[in-house]
Structures are given as C-alpha cells and as structure tokens.
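Beneath this line is the structure, given in structure tokens, with notes to follow.
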Amino acid sequence: MKDIFFCGVDVGASATKAVITDYNERILGYTIRRTTTNLGELAQEVFKEALDSAKISKDSVKYIVATGYGRENVDFADEIKTEISCHAKGGRFGFKDQMGPMTVVDIGGQDNKVIKLDSNGKIINFKMNRKCAAGTGAFLEEIAYKLDVPLDEIDELARNATRDIELGSFCTVFTSTEILESIKTGETKENMIKGAFISVVKRILEMETLEGIVVLTGGVAAYNPLIGEILEKQLNVDVHIPKNAQIMGAFGAALIAKERYLGKT
Amino acid sequence: MGPIVVMRGLQKAVDYYKVLKAEMEDRIANGIAAVDGERYRLYWDGMPIWGKLRALSEQFGRLNTCVVASTYCNSWIFDSFDPSDPFYSMAKAYTEIFINRSERVKEQYITDMVKKFKIDGVIFHDSKTCPNNSNARYGMPARIREKLGIPTLIISGDLNDLRCYSEEQAKTNIEAFIEQLEEG
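These protein sequence lines map, in sequence, to chains A and B. In this text, residue positions in the first sequence follow the numbering used here: the first is 77, and each later residue adds one. In this text, residue positions in the second sequence follow the numbering used here: the first is 31, and each later residue adds one.
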C-alpha cells in the first residue's frame, strides 16, 4: 500500500488546483493555476505539475476525483464529486478527532458555500450563494481594481485600517459606486479595503448560521486571513484557516479518491 | 398540469386525465417506475422552473432520482367545488387552498406528503417573482429538516424569468444534495 497515490483536481471559477496524496493522506505535491478557457487541457497540465511536484509517476496514481465547476471537463478522472462534498472532506480533515459539529465555509472566486457537518463529518445542510458573486473573491478583485492596489497586498493594507467603515452593500456593483463616493470624501484605501472584508463576512453571516468549529477554506481566506479574524470577532468563536486553505477542495477530492479506491478493491 | 390550468371544465381536459390515469394505473400494475433504477424520491415545493423542466428532468434521471410529488401540482385541484352550492363551495375551495394557509398548516401539509410518498429529501424552489409560492423564506426548510430528519435544499430561481436562475449553481446544488443522500 506504500506505493499507491491519489489525486484530486479542482477546476474552480478562478483557480484550478491539483493535489497528490499518499496512502497516509499526506499531501505530497500540489499545484495552483489560474483557470483559463480550455478547462480540459488545463486539468491535464495541473495534474502533470502536481505529479512532478510529488515526484511520482502517473501510473502510481490509483484513483482521481475531479471537482469544481469544471469537473466534467476532467476527462481522465475516475469520478466526479461536487465541491460541496470535497470542501467538507478537506476542511474537516485537520479537525476530525474533535467532537461536535463543524461548519466549513468556502469563499471561492465566484461563489460561497456554507457546509454544516455533524460530529461524524456527515453533511447535514449546505448553502451556496444565489446567482450573484457578492461577497466572493470576484467582489474583492473588483474592489482592489477600483482602488488600484495589487490583490496580494489587500490583506496587509486592511490590517493598517484606522477605523471600520461600513459599506452599505455587499453587491459588487453598488459597492464600487460607494467606493467612488468614499474616494471623493478622502477615505483611505486601507479603511475601504477593510470595509470590503467586513462586507464579505456580513454576506457569509447572512447566508446561514455558523455552528460548532468554523473552518474557512478557499483562496480568499488563504490570502486574506484577516477575514477569518473579523469573522472570529463577530461570532466570538475560534475560526480556523487550514494551511493550504486554497487547495482544500482538491485535497478533499484526493481523500475521497482514496476512499473510493479502497471501497472498490 | 397544463390542461387543468388552461382547459379547466372542458371535456378535452377530462379525456386527457383519463388517459393519464389509465397509464399510471398500468405502470403501477406492472411495476414500471418513472425513473429507471430509482434510488431517491424527492418532493418539490414551490413553482416549477418552467423553462428548465427538461434540463432538470434529465439531471434527476441521470442521478436515478425521481421527483414524485409537489405542492404546486395539487394547487390546481379544488376538491370542495360543489355545483349544488356554488358560492359557499367556491369560498371554501379558495380559502382552504395551500397558498392561502398559515405556515403551520403548510408545514403539516408538506409533512403529510413526505410521509405519504416516502420522500427522501425536499427541494424548495425560491421563486424570485412569486414569493407567495415560495415557502423557503420563513424557516420552513429548517423546520421540515429537524422535524422529519430528512435533508432539504433551497434552489434560487424563477418560474419564468431565467435571468434569476443560475443553471450551473442549481446543477451543483442538486448534485451535492444527492451526494448528501448517498452519505446516508
């Protein structure tokens, strides 16, 4: 069993990820690429890059599960699973020995998911945002663009905010208008970015109640841990962001791949 | 449900439902299910997403899942109509219909349907332009889930305006809902 490996490929709206795990559910290698228009080709490339990163051969990967909105384009996958199941599996992994319920919140490029699990890790309810990218990664991308700041600097900038400003909406379009208003009145970029982070948190809390251990997955939380800290303050509970939060969907897919392979052999 | 809405009271509608009833009885007698290899039975609350009936039907079929009952189809059946007492019976029929009732009565109605049709999960369609036929807004899904121990799902959409409907998100939601049922 030592030489068998599993792969999860997550073709998300903004980023495509592949993760290779071993029999002991350790991550041996992974890759993250921006999602392009040729999903099938991109999936092949991330798979190859993840293999190289793990330093293993394609043939030793015994089972591949694809997830994400482009999951059906991964023609080399043995099975497809929704991102709901995969984020639930990946998000829970680091906390599976803890008792009690858990809520996994995935803030993705274009949609948010709130997944409630019971103490055995079984999904009891989930919610995805409506036909609107409010409060998602796309929302923050737009705000960063409007303020002319690089996306990878927004977390640091928001940490230097001097006050919490309340943006009236988490709608991307309306918030952009509000940002223009704020620019006119001389509000700082730092305060406005933190205001956008607060909007993201408000959007999540509006979607569903969060119960038990709260785990944030997805690229937005990975690059902007301040969002977790704001959520923590609002809820007054510990909010966890796993290491490699952005690849939790692909990791969950790899964990499911192992389960499916062992179930079939 | 087209004939009962647009051909109410006409012989054509009566003839149509006679054919339908005979077919259904024949299927029951011969054990022919609507969906081959049926694994799950769902209840659909709220209006249909008319412009996506085929796409949804095909998706449920692929998932070996059958939507066996819905609130809205029965909204067009008025058992209380009585030709010998038209005014009283019309008043009774229109006031006792599901859409005009309280949350408590609606909850009991859905509960009875879930038991009657051996339902595994309930999908609530939250229709943007028909709030009166959307029962997901005041906690009904959570109450049904807790009371009956079956999962519920809310799909955002509309009966008519497909700009309010995200096909990809709905598709993923339904697929994830079936994965949730598979977990047991």
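Glycine is no exception: its CB is placed at the ideal position from the N, C-alpha and C atoms. Since we're looking at a predicted model, the values are computed, not measured.
Tell me, to the nearest whole angstrom, how far the beta carbon of residue i is from that of residue j; I am working on the premise that it is less than 8 Å.
{"i": "B/Thr202", "j": "A/Met283", "result": "At roughly 15 Å, the Cβ-Cβ gap does not stay under 8 Å, so B/Thr202 and A/Met283 are not in contact."}
{"i": "A/Leu243", "j": "A/Gly271", "result": "5 Å"}
{"i": "A/Ala164", "j": "A/Gly328", "result": "7 Å"}
{"i": "A/Asp228", "j": "A/Tyr299", "result": "7 Å"}
{"i": "B/Ile135", "j": "B/Ile180", "result": "The question names Ile, yet the displayed sequence has Val at residue 135 of chain B. B/Val135 to B/Ile180, Cβ: 20 Å. No contact."}
{"i": "A/Thr212", "j": "B/Ala206", "result": "Actually they do not touch by this definition, with Cβ atoms about 18 Å apart."}
{"i": "B/Ile79", "j": "B/Gly151", "result": "In fact, because the Cβ distance is near 18 Å, the residues do not count as touching under 8 Å."}
{"i": "A/Lys334", "j": "A/Thr97", "result": "7 Å"}
{"i": "B/Glu88", "j": "B/Ser110", "result": "In fact, because the Cβ distance is near 37 Å, the residues do not count as touching under 8 Å."}
{"i": "A/Asn149", "j": "A/Ala119", "result": "6 Å"}
{"i": "A/Ile332", "j": "A/Ser161", "result": "7 Å"}
{"i": "B/Phe90", "j": "B/Val97", "result": "6 Å"}
Run through the DSSP bridge pairs and tell me what residue i is partnered with.
{"i": "A/Asn188", "result": "A/Ile183"}
{"i": "B/His155", "result": "B/Ile185"}
{"i": "A/Phe82", "result": "A/Thr97 and A/Tyr139"}
{"i": "B/Ala99", "result": "B/Tyr73"}
{"i": "A/Phe202", "result": "A/Ile191"}
{"i": "A/Met178", "result": "A/Leu193 and A/Ile289"}
Would you mind telling me which residues of chain B sit closer than 8 Å to residue i, beta carbon to beta carbon, in chain order?
{"i": "A/Thr158", "result": "Thr202, Glu205, Ala206 and Glu209"}
{"i": "A/Asp98", "result": "Result: empty, since nearest Cβ-Cβ is about 25 Å, beyond 8 Å."}
{"i": "A/Asp187", "result": "Gln199"}
Using the beta-carbon of each residue, which ones in chain A are nearer than 8 Å to residue i?
{"i": "B/Tyr195", "result": "Lys207"}
{"i": "B/Glu198", "result": "Tyr145"}
{"i": "B/Ser186", "result": "Arg206 and Lys207"}
{"i": "B/Pro161", "result": "Correct list: empty, because the minimum Cβ distance to chain A is about 15 Å."}
In chain B, what lies closer than 7 Å to residue i by C-beta?
{"i": "A/Ile199", "result": "Gln210 and Glu213"}
{"i": "A/Ser161", "result": "Ala206 and Glu209"}
Under a CB-based cut-off of 8 Å, is residue i close to chain B?
{"i": "A/Phe202", "result": "yes"}
Counting contacts by CB-CB distance shorter than 8 Å, is residue i in contact with chain A?
{"i": "B/Gly78", "result": "The sequence shown places Pro at residue 78 of chain B, not Gly. Chain A, which has no Cβ nearer than 8 Å to the Cβ of B/Pro78, makes this no."}
{"i": "B/Ser164", "result": "no"}
{"i": "B/Pro33", "result": "no"}
{"i": "B/Pro181", "result": "yes"}
Applying a beta-carbon distance threshold of less than 9 Å, which residues of chain A neighbour residue i?
{"i": "B/Arg175", "result": "Ile200 and Asn201"}
- Query: Hey, which unbroken runs of the alpha helix (DSSP H) at 4 residues or more fall wholly within the segment 41-97 of chain B?
  - Reply: Qualifying alpha helix (DSSP H) stretches, in chain order: 41-60 and 83-92.
- Task: Run through the segment 242-328 of chain A for me and flag every whole beta strand (DSSP E) of 3 or more residues, listed as ranges in chain order.
- Result: Complete beta strand (DSSP E) runs here, min 3: 289-293.
- Could I get the ranges of all uninterrupted beta strand (DSSP E) runs contained in the segment 87-116 of chain A, with 3 residues as the minimum, in chain order? Qualifying beta strand (DSSP E) stretches, in chain order: 91-98 and 103-110.
- Can you check the segment 140-168 of chain A for any alpha helix (DSSP H) of at least 4 residues that lies completely inside it and give the ranges in chain order? Correct list: empty.
- Task: Let me know the beta strand (DSSP E) ranges lying completely inside the segment 163-208 of chain B, each 3 residues or longer, listed in chain order.
- Result: Runs found: 182-187.
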